Amino acid sequence: MALAALLAPMLFTPAQAEGGCGFEQAGKQQGLIATCDQDTEKKEVILTGLLGPADLAQQPHFAENLAAYQADAAVISKLQQIDVPTEIIVIMATWCPDCHRETPRLAKVIEQMNNPNIKVTYIGVDREKKDADGLAAKYDFTRIPTYIVQQGEMELGRIVESTKYSTELDLLDILHK
């Protein structure tokens, strides 16, 4: 029997998503597609625009991930010595699993660094990677989270989706180029 004939019963055309992980005809899909149930869908909160610490804390497992992250003290010490005004623009989403992992790590590094020369601006986006005020549209990005490190109007570098080594080491690498 041809492979296509074997796979045919498992294939289907997905319905349009309703702003979350549930589908309009939930329960009618078949195959190897994992979706959340409707109760999870109703509990999901998507925050967009400028986000503060209380907004970040609404992400699933934020507190646990923040507490669990152990930043390298030697690297933090070097980041504390940055004396040039620096901004990190973080484009993220409260619905994004990568953001759930990475943004608590950045928050921990920023907290431990306690450097008044480094400012962080969090911009939340929806599933279409937009926010109502168009703040994220000012930046060229495709994946989230995206950390854009800049001094003045000059972009020094980015961390996209995940770190190469660690949050603090990747930031130090960008700032010491």
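Residue numbers for the sequence shown follow my numbering, so the first one is 44 and each next one is one higher.
Positions of the beta carbon are idealized from the N, C-alpha and C atoms, including for glycine.
If you're wondering where the values come from, they're calculated on a predicted model, not measured in any experiment.
Per the Cβ contact rule, the region 163-171 is not in contact with the region 112-126 (fewer than 3 Cβ pairs under 8 Å). As computed with DSSP, V203 is found in a beta bridge with T189.
Going by C-alpha positions, K181 is about 21 Å away from T146.
DSSP, read as helix, strand or coil, puts E145 in helix.
Between I132 and E198, the alpha-carbon positions lie close to 10 Å from each other. CA-CA distance, L109 to Q101, rounds to 12 Å.
The Cβ-Cβ distance between R201 and T210 does not fall below 9 Å. In the DSSP assignment, V133 falls outside any alpha helix (DSSP H) and lies within the beta strand (DSSP E) extending over T129 to M135. A distance below 7 Å between beta-carbons, with the five flanking residues on each side excluded, links E154 to no residue of its chain. With contacts defined as CB atoms closer than 9 Å, D169 and A136 qualify as a contacting pair.
Close CB contacts of V88 within its chain, under the 7 Å cut and outside five residues either way in sequence, are with Q101 and T137 (chain order). Annotated as proximal: H219 and K121, with beta-carbon spacing under 9 Å.
The criterion of a C-beta distance shorter than 9 Å is not satisfied by F184 and I119. Judged by beta-carbon spacing, L178 lies beyond the 9 Å limit of V192, meaning their Cβ atoms are not closer than that value. Annotation for T210: no beta strand (DSSP E) segment contains it, though the alpha helix (DSSP H) segment containing it runs T210 to L218. Per DSSP, the continuous alpha helix (DSSP H) segment holding V118 begins and ends at A116 to Q123.
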